[in-house]
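Q:
Number of protein chains: 2
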Amino acid sequence: MIFETTYNDNNYPIILKQNALAEINHFLKENEQNIVLIDQDVYRFHKDYIKANLENQDIKFITIMSGEACKQMSYFESISEKILSLNINRQSQLIAIGGGATGDFVGFLAATLLRGIDFIQVPTTLLAHDSAIGGKVGINASVGKNLIGAFHRPRAVIYDLNFLNTLPHTEIRSGFGEVYKHAILNSETDTWHLMDQYPSIRELSRLENIDTFLKMGIETKLKIVIEDEFEGGVRKHLNLGHTFGHGLEYLTKIAHGEAVMIGILFQKIINKNRNLFDNQESIHIFINYLKELGYPLSIINNANIELIFDYMKKDKKNIGQTIQMVLQEGEASFTIESVSKDEVLDAFIELKSLINE
Amino acid sequence: MIFETTYNDNNYPIILKQNALAEINHFLKENEQNIVLIDQDVYRFHKDYIKANLENQDIKFITIMSGEACKQMSYFESISEKILSLNINRQSQLIAIGGGATGDFVGFLAATLLRGIDFIQVPTTLLAHDSAIGGKVGINASVGKNLIGAFHRPRAVIYDLNFLNTLPHTEIRSGFGEVYKHAILNSETDTWHLMDQYPSIRELSRLENIDTFLKMGIETKLKIVIEDEFEGGVRKHLNLGHTFGHGLEYLTKIAHGEAVMIGILFQKIINKNRNLFDNQESIHIFINYLKELGYPLSIINNANIELIFDYMKKDKKNIGQTIQMVLQEGEASFTIESVSKDEVLDAFIELKSLINE
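Just so you know, the sequences run in chain order A and B. Sequential numbering from 1 applies to the first sequence in the UniProt record's numbering. Sequential numbering from 1 applies to the second sequence in the UniProt record's numbering.
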């Protein structure tokens, strides 16, 4: 399936299907440099498939460090020098082949080299269905994730489902975390459909019908980011589960979407304590589901909430010195609220006891 | 005098006068962090004046390396970590006090920290009348200047003429290069007015009436950048003198605007050779004027044109493998043309012989 963004200008297509990669030939620039930056693991697994699909054999390939490791400033420096030494000009374009981190990193290169050149996203993970949409790109600082970045829309997103076949379980769970988050944002029914289709890690790892759910997730995200590209309002809802999740991810190094799912659980506890959307029952259903899918809940037992809280204080969405969290008020209805340290500490104690029941 | 940009949105004021600095108090954010990044030399010379004009004494000051030295990636990394460790949020703002390099560097920090925060430009040099206008920000790569950057408009430009009193001659000549370039872009009459007002370095260093000419320069630049913010067309004319100039600057380390003035001379020779705007007489008048003002023309005697040409080939405005240069067709009428290596070599030989006449 192909869909197109609906911004006021500079729209781009999102091509989502098996064997989508061949479509990339329509987006290569003639007489200009097309430079592929590819996750080294993806390159190892899929080199033949990728080369077979690229008709233009002059394309330069640069393999980059796999996953989040590439998003360091020193690495950004070395890769940007490498690209600049190829004598690129403003018509040159970059092609990112890899997961969310690859897209963030290459997107930030494209946003800043020569003050902005084109790039194409070729996501190879489930998680990248989220990060490839919406134009957020960036790298990490030592004090936190994605703190240096930009908004830079790709020229096209080419989402080839073939790449998903080699994903490990952790990667599937991580991507599924964002799929599930988008379902929550859209409607309760969407979340029941997901739980129905993928009742356990066994069914989830088969990824049957995943294109339908990826499309739903992408559409939900697009609706939001087109309404509020620069996160002045409703786009903040996409941070559901991320305030606690980012802290947990940063400290424990579990996968992004796994941390987000635990962050969603954390948020549900605060919802319940504030008499908002959740209650004991909805929380139990959710915890049991996370256990069925194998989310690493036990990491909570060794996590230091003081350090997580310190990290939460640094979130770029905060206002003044208070922590801002997305909370759920009703079905598909969200609010952004200040949350006190006491509330966070109480919710953490409850989280710990719930996962050990 | 105060004028306002006329973009479709996100306009900002430009305040140009003696003692303008006190106006900064109207732009400071209450209950949010205001962080001043200031050129260490400017801080040393003007610390008391600056502190006396800032009513809010909570403002954090970070001194940065003076001039172009700050625009290195490793320095960008260390200063961005320093700012992030202050727990900034998206409402925080940076204030750049310094010359063009300071504005470029701090602007790039503001463009990328948390994917973009506000910044205020407080230019302290003549040259910064150019770089503070138009939203171009960035840092250098080892292969060339300003190759990593963004477009990011300031919230305000506060141009306090008091700072100009301590500028050395080289700095004055450098800034005057861009003032003169803006005059050429606007009309012949403007260039005659400049030559009239400042017939030699003695008059120029007094900077009498400079506010009038700075205003004219800013207005010329604004007209162009508002019409073509992202340099798809007419904004390229602002690169008059820069293709050769950047190469000369990079190799010889003379001041930016001094190199641009020599680049304008170089461009005049090509104009003449192509039967465009210039002729022997206009070139002689211009060379004599450069000598009166003390531009470092003799640097040409030791410059290696092969290396300059290699640098010109890397210009981000090039298309494919050809060098693009701004040439003058008539009064205030410009064109962008491919220039061959032979033409560049011929013009260089002529330049060398002209300056030694």
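Note that the Cβ used here is the ideal one computed from N, Cα and C, for glycine as well.
What residues in the UniProt domain "3-dehydroquinate synthase C-terminal" (175-318) of chain B have a beta carbon less than 9 Å from any beta carbon of chain A?
A: The UniProt domain "3-dehydroquinate synthase C-terminal" (175-318) of chain B vs chain A, Cβ under 9 Å: Phe230, Glu231, Lys313, Lys314, Asp315, Lys316, Lys317, Asn318.
Q: Counting beta carbon pairs with one atom in the region 13-20 of chain B and one in the region 158-174 of chain B, are three or more of them shorter than 8 Å?
A: Segments in contact, yes.
Q: Would a check of beta-carbon distances place A:Met73 closer than 8 Å to chain B?
A: Yes - at least one Cβ of chain B is within 8 Å of the one on A:Met73.
Q: Nearest-angstrom Cα distance between A:Glu343 and A:Ile283?
A: Spanning the two alpha carbons is a distance of roughly 17 Å.
Q: For B:His182, does the count of other Cβ atoms within 10 angstroms reach 16, so buried, or fall short, so exposed?
A: So B:His182 counts as buried.
Q: Comparing the C-beta of B:Gly149 with each C-beta of chain A, is any distance below 8 Å?
A: Judged by the 8 Å Cβ criterion, B:Gly149 is in contact with chain A.
Q: Determine whether the Cβ of A:Arg115 lies closer than 8 Å to any Cβ atom of chain B.
A: Chain B, which has a Cβ nearer than 8 Å to the Cβ of A:Arg115, makes this yes.
Q: Of all Cβ atoms in chain B, is any one closer than 8 Å to the Cβ of A:Val344?
A: No, A:Val344 lies away from the interface with chain B (no Cβ there is under 8 Å from its Cβ).
Q: How would you list, in chain order, the residues of chain B whose beta-carbon sits under 8 Å from the beta-carbon of A:Leu37?
A: Within 8 Å Cβ-Cβ: nothing; A:Leu37 doesn't reach chain B, min ~16 Å.
Q: Assuming B:Ser328 is part of the beta strand (DSSP E), what are its boundary residues?
A: As written in the sequence, residue 328 of chain B is Gln, which differs from the Ser given in the question. 323-330 is the extent of the beta strand (DSSP E) around B:Gln328.
Q: Any beta-carbon of chain B closer than 8 Å to the one on A:Asn8?
A: Taking Cβ atoms only, chain B never reaches closer than 8 Å to A:Asn8, which makes this a no.
Q: According to the neighbour-count rule (16 or more other Cβ atoms, all chains shown, within 10 Å of its Cβ), is B:Leu293 buried or exposed?
A: Flag for B:Leu293 reads buried.
Q: In the DSSP assignment, the alpha helix (DSSP H) including B:Asn271 goes from what residue to what residue?
A: 256-273 is the span of the alpha helix (DSSP H), which, as asked, contains B:Asn271.
Q: May I ask you to list, following chain order, the residues of the region 9-43 of chain A that have a beta carbon less than 8 Å from some beta carbon of chain B?
A: So the close ones are Asn31, Glu32.
Q: Since B:Val157 contacts B:Pro199 with CB under 8 Å, what's their CB separation in whole angstroms?
A: About 30 Å; that fails the 8 Å criterion.
Q: Compute the beta-carbon to beta-carbon distance between A:Thr243 and A:Gly263, rounded to the nearest angstrom, for a pair I have assumed lies under 8 Å.
A: Right, the Cβ-Cβ distance comes to about 7 Å (below 8 Å), so this counts as a contact.
Q: Counting C-beta neighbours from all protein chains within 10 Å, is the total for B:Asp278 16 or more, i.e. buried, or is it exposed?
A: Classification of B:Asp278: buried, given that the 10 Å Cβ count is 16 or more.
Q: Can you list the residues of chain A that B:Ala111 reaches, using a CB-CB cut of under 8 Å?
A: Within 8 Å Cβ-Cβ: Ala150.
Q: Could one say the Cβ of B:Asn89 lies closer than 8 Å to chain A's Cβ atoms, at least one of them?
A: So, interface residue.
Q: Mind listing which residues of the region 127-139 of chain B have their C-beta closer than 8 Å to chain A's C-betas, in chain order?
A: Within the region 127-139 of chain B, the residues whose Cβ lies closer than 8 Å to some Cβ of chain A are Lys136, Gly138, listed in chain order.
Q: For A:Glu68 and chain B, any beta-carbon pair shorter than 8 Å?
A: Not closer than 8 Å to any Cβ of chain B, the Cβ of A:Glu68 fails to qualify, so no.
Q: Check distances from the C-beta atoms of the region 81-108 of chain A to those of chain B and list, in chain order, the residues that come in under 9 Å.
A: Listed by position along the chain: Glu81, Leu84, Ser85, Asn87, Ile88, Asn89, Arg90, Gln91, Phe108.
Q: Does the pairing of the region 104-116 of chain B with the region 70-77 of chain B give three or more beta-carbon distances under 8 Å?
A: These segments touch.
Q: Taking Cβ positions, are B:Asn345 and B:Asn271 nearer each other than 8 Å?
A: Just to set this straight, residue 345 of chain B is Leu in the shown sequence, not Asn. No, Cβ-Cβ distance for B:Leu345 and B:Asn271 is not below 8 Å.
Q: Check the Cβ-Cβ distances between B:Glu77 and every residue of chain A, and say whether any is below 8 Å.
A: Interface residue, yes.
Q: Just mark B:Phe334 as buried or exposed, buried being the case when its beta carbon has 16 or more other beta carbons within 10 Å.
A: B:Phe334 should be labelled buried.
Q: Is the Cβ-Cβ distance between B:Leu194 and B:Tyr180 less than 8 Å?
A: Cβ distance < 8 Å, so B:Leu194 and B:Tyr180 count as in contact.
Q: Going along the chain, which residues of its own chain have a beta-carbon closer than 7 Å to the beta-carbon of B:Glu55, five neighbours each way excluded?
A: Within the same chain, B:Glu55 has close Cβ partners Asn25.
Q: Is the distance from the Cβ of B:Leu276 to the Cβ of B:His237 below 8 Å?
A: Contact: no.
Q: Run through DSSP, which three-state label would B:Glu23 get?
A: Note: B:Glu23 maps to helix in three-state DSSP.
Q: If you scan the region 35-123 of chain B from start to end, which runs of the alpha helix (DSSP H) of 4 or more residues do you find wholly inside it?
A: With a minimum length of 4 residues, the continuous alpha helix (DSSP H) runs that stay inside the region 35-123 of chain B are 40-53, 73-84, 100-112.
Q: Could you tell me whether the Cβ atoms of B:Leu351 and B:Ile308 are closer together than 8 Å?
A: Cβ atoms of B:Leu351 and B:Ile308: not closer than 8 Å.
Q: Measuring straight from C-alpha to C-alpha, what distance separates B:Glu306 and B:Phe348?
A: Cα to Cα, the separation comes out at about 10 Å.
Q: Could you check the C-alpha separation between A:Gln324 and B:Leu251 for me, to the nearest Å?
A: Going by the C-alpha atoms only, they are around 50 Å apart.
Q: Could you tell me which residues DSSP pairs with B:Ile2 in its beta bridges?
A: B:Ile15, per the DSSP bridge assignment.
Q: Can you check the region 133-205 of chain B for any alpha helix (DSSP H) of at least 4 residues that lies completely inside it and give the ranges in chain order?
A: Listed in chain order, the complete alpha helix (DSSP H) runs (minimum 4 residues) inside the region 133-205 of chain B are 169-186, 188-197.
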